[in-house]
Amino acid sequence: MDKLTKIGEVAAVPSSAVKTSKIGIGFEKLDRGVFDPSKAYDKVAAIGVKWIRLQSGWARTEKSKGVYDFAWLDDIVDNLCRRGLWPWLCLCYGNGLYDEEAAKVFGAVGCPPVKTDEQKQAWHNYVVAVTKRYRGRIGWYEVWNEPDGKWCWKHGVSGTEYGEFVKATAAAIKIGDPNAKVIGGSMCLLGLGWLNDVLQTGAGECMDALSYHSYSPDEVGGFERVRSLRAVCHAFNPRMELIQGETGTQSRDDGAGALRGGAWTPRRQAKFLARHTMADLFDDVMFSSYFSCMDMIEALNGVVGDKSSYLDYGYFGVLGADFDENGVATGDYTPKPSYRSLQTIAAIFREDVKLAEIPLQFSSGKSSPRLLRGDDSFKDLQYRGFRKDNGSAGLVYWRSTELLTTSYESTVSLEAVKLPEQVRLVDLVDGAIYSLPPTMIEDNGRGLRSFLHLPLRDYPLLLAFGDFF
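With the sequence shown counted from 1, adding 1310 to any position gets you this note's numbering.
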C-alpha cells in the first residue's frame, strides 16, 4: 500500500473466544471419509469461524438394517463443539441397504429414499435417531444437498418431490428434537421454477431457513439473486431465513468441480473468498459458509468398485492437501492465503457488528496524483457500512473487476462527518493494518474530514473508525 505505513496485523480470534458470528466453513464429505478430521480440528478452530457444516452419512452410519453406529460422527461433533464451533448437519445421502441403485454409487450420493415405503420409513427412523442423539449439540438440520442438481437427485430432479421429502423429513426431525430447526433448499442452480415447485407443496411452512449455493466468479450478480430468493421465500413464509451454504473456488487451474479450468491461483482464491464472504454480509444472510476447509475429492459421481470414477481432485480448501492412492487427503493440511483472509474477516465481523448507514460519501472529480487522472467513481464500487455497539464504524469497499484477468489498483476519495477520530485501513485478504499519512486527511475544522486518494483494490478493504476491531 504505497504512501501508507503498516502498523500491525489483525489478531486471530479462535472459535472458542467468539460468542456469535455469521461466518462459517464447510467440513463436508466425512460421510465418505475423504480427509482426516483429527488433523483439521485445531486449524479450523483457529480461523475463528462459528458455523461448520457436516454431512450426516446415512450409509456410513446404518450398515445393518435398523442398527446405527454413530461413533464416527460423535467424535467429529464432540471435537468441533469442544473447540467452540457450531455444527449444522446436512442430512444425506442414500443407503444401499434399501436401494439397489444407491448400493452402486460411491457414498450413495444423489439417491434419495423416496421410491418405496420401506425407503421412506427407513429414512424416517434414521432422521429421528440422528436428531434425538444430537439434541443439545446440533440445532439446525439441512434436508439433503443440492437436490436441484442431477448429480444429487439422480433419478430425475423434481421440486415437487423434494418438497414432499422436506415435509416428511421435517416431521421426523421434530420427533427427535422438537426444538430443532429445519433448512430446506440447499439449491445450487439459478431460476425460480424448482424453488416454486418446492414451496407450492407447503414445504415452506416447515422450513426455518432456505440454503443456497453460489459458485460464480462474479459476486455482484448474487445481490439480485438473494433479493429474489428472500422475496419468494417470504411470500410463502415471512419468517424464513436465508443461509449461504456453499461458495468457493479453486486455488489452481487443474481442479475438478465448480469453476474448474479457470486461471485460479492461491491469491485469486483468497480474493474470491473475501469478496464473496463480504457480499454475503452485505446481503445480511443468517450466516455464510465457505466451501471448504480442505482440498478433497469431489466424489459426487463415483461408482463403487471403480476408484477412477471418484479420484476427481478439488482444490477449494483453505487448507492444502496431498492425496493418497485412494483419494484421501494427506499431508500437513497447510494454510493457504485464503485461510488468512477468512481468519481476518472472522476476527473483525463477529458478535455485535451490524450493517449500518454511516455518514460519509465518496467524492467525485478529485485528481489522483497516483493515477494522473481522477479517482474512481463510487458507481464502480461495492461498498457498505457497519457499526458496533461501542460507537465505532467501518466502511468495506472494493471494485468488482474480473478476478481471472489482471489485478486492479486505483484510488478513491470520500468525505465523512461525526465518526470517531481514529482511522485505520485494513487489507481483508492478508490482515495487514495501515495508518493514513497526514497528507491523505483534510479536516475543515467544522467537523468534516476528507480522506484523499485511498487505495482501491479488486478485493475488500476496510476503513475503520474508532475501536472497530
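Don't be surprised by glycine CBs; every beta carbon is placed ideally from N, CA and C.
Next on the checklist: Looking at the strands, I want to know which residues DSSP matches up with ALA1519.
Outcome noted: ILE1493, GLU1551
Checklist entry - Assuming ILE1329 contacts LEU1591 under a Cβ cut-off of 8 Å, what Cβ separation, rounded to an integer in Å, is found between them? => result It is worth fixing the name first, because residue 1329 is Lys in this sequence and not Ile. At roughly 17 Å, the Cβ-Cβ gap does not stay under 8 Å, so LYS1329 and LEU1591 are not in contact.
Next on the checklist: For ASP1564 and PRO1488, I'd like the C-alpha separation in whole angstroms.
Outcome noted: 45 Å
Checklist entry - In terms of residue numbering, what span does the alpha helix (DSSP H) encompassing ARG1540 cover? => result 1531 to 1546
Checklist entry - Starting from HIS1434 and walking both ways along the alpha helix (DSSP H), at which residues does that stretch end? => result 1427 to 1443
Checklist entry - Any heavy atom of the ligand HEM closer than 7 Å to the Cβ of TYR1649? => result Looking at this structure, you won't find the ligand HEM or any other ligand, since it has none at all.
Item to check | Endpoints, beta strand (DSSP E) assigned at PRO1576 | outcome: Here PRO1576 belongs to no beta strand (DSSP E); instead the alpha helix (DSSP H) covers 1576 to 1592.
Item to check | Expected contact under 8 Å - CB spacing of PHE1772 and PRO1765 to nearest Å | outcome: Rather than Phe, the amino acid found at residue 1772 in this sequence is Leu. Between PRO1765 and LEU1772 the Cβ distance is about 11 Å, and since that is not below 8 Å, they are no contact.
Item to check | Close beta carbons around GLN1579, own chain, < 6 Å, minus the five adjacent residues each side | outcome: THR1559, SER1561, SER1648
Next on the checklist: Going by the DSSP bridge assignment, what does ARG1683 pair with across the sheet?
Outcome noted: SER1678
Checklist entry - What distance in whole Å lies between the Cβ atoms of SER1702 and VAL1730, which are believed to be in contact at a cut-off of 8 Å? => result At residue 1730 the sequence reads Pro, which differs from the Val that was named. Their Cβ separation, rounded to whole angstroms, is 6 Å, which keeps PRO1730 and SER1702 in contact under 8 Å.
Checklist entry - Within this structure, are the beta carbons of TYR1727 and ASP1686 separated by less than 8 Å? => result The sequence shown places Val at residue 1727, not Tyr. Going by C-beta atoms, VAL1727 is not nearer than 8 Å to ASP1686.
Checklist entry - Just to confirm, are VAL1424 and GLU1372 a CB contact at a threshold of 8 Å? => result no
Next on the checklist: Could you pull the DSSP bridge partners for GLY1459 from this structure?
Outcome noted: According to DSSP, which records beta bridges pairwise, GLY1459 is partnered with nothing at all.
Next on the checklist: So for PHE1347, helix, strand or coil by DSSP?
Outcome noted: Per the sequence presented here, residue 1347 reads as Pro, with Phe not at that position. Correct three-state label for PRO1347: helix.
Checklist entry - When burial is assigned at 16 or more other CB atoms within 10 Å of the CB, is ILE1317 buried or exposed? => result exposed
Item to check | Within 8 Å, strictly: CB atoms of LEU1652 and THR1557 | outcome: no
Checklist entry - Which runs of the alpha helix (DSSP H), 4 residues or longer, sit entirely within the region 1636 to 1667? => result 1647 to 1658
Next on the checklist: Please give the ranges of any beta strand (DSSP E) in the region 1368 to 1414, keeping only runs that are unbroken, at least 3 residues long and fully inside the region.
Outcome noted: 1396 to 1401
Checklist entry - Taking DSSP as the reference, what is the three-state secondary structure of VAL1508? => result helix
Item to check | Beta-carbon proximity of VAL1492 to CYS1516, cut-off 8 Å | outcome: yes
Next on the checklist: Between MET1550 and ASP1518, how many whole angstroms is the CB-CB distance? I'm expecting something under 8 Å.
Outcome noted: 7 Å
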